[in-house]
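Reading through the structure tokens given below for one structure.
Numbering (full-length UniProt numbering), first residue to last: 1 to 130.
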């Protein structure tokens, strides 16, 4: 539950170190004594490893690849930037529209899309969304 609330904390201007919010959030959480698991969930949310690589950054926490992690990604990817429920297709379209194809975010999401789609599918299967 904490990861759901805190996964975007790295957007807070005072916490920006690398400019990549999953890492900045995890670094902050680690600095205040948060568990390694919480830091890892925040650092790796929504396939952050691909964008980190494209930004020439490294994530120092292992991606646990569990149903809990999948549920966090699903929640992030089926919610709009302003907190409304949406579909994965609409969320991805919004990201592509906001950032464009040439921006590191747009390129990274496009590259991670097959993984993201599989995570969302698995989670919806677990939740019996048909």
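Each residue gets a CB set at the ideal place from its N, CA and C atoms; glycine is no exception. The structure displayed is predicted, hence computed values, not measured ones.
Within the stretch 13-95, the complete alpha helix (DSSP H) segments of 4 residues or longer fall at 21-31, 36-44, 48-54 and 67-77, listed in chain order. For residue 115 against residue 59, the beta-carbon gap comes to about 15 Å, at or over 8 Å, which does not count as contact.
A straight-line Cα-Cα distance of about 23 Å links residue 104 and residue 6.
The C-beta of residue 32 has fewer than 16 other C-beta atoms within 10 Å across all chains shown, which makes the residue exposed. If you draw a 10 Å sphere on the C-beta of residue 10, you find 16 or more other C-beta atoms in it, and that means buried.
Residue state for residue 6 is assigned as helix, using DSSP reduced to three classes. When C-beta atoms of the stretch 106-113 are compared with those of the stretch 46-65, three or more pairs fall below 8 Å, so the two segments count as touching.
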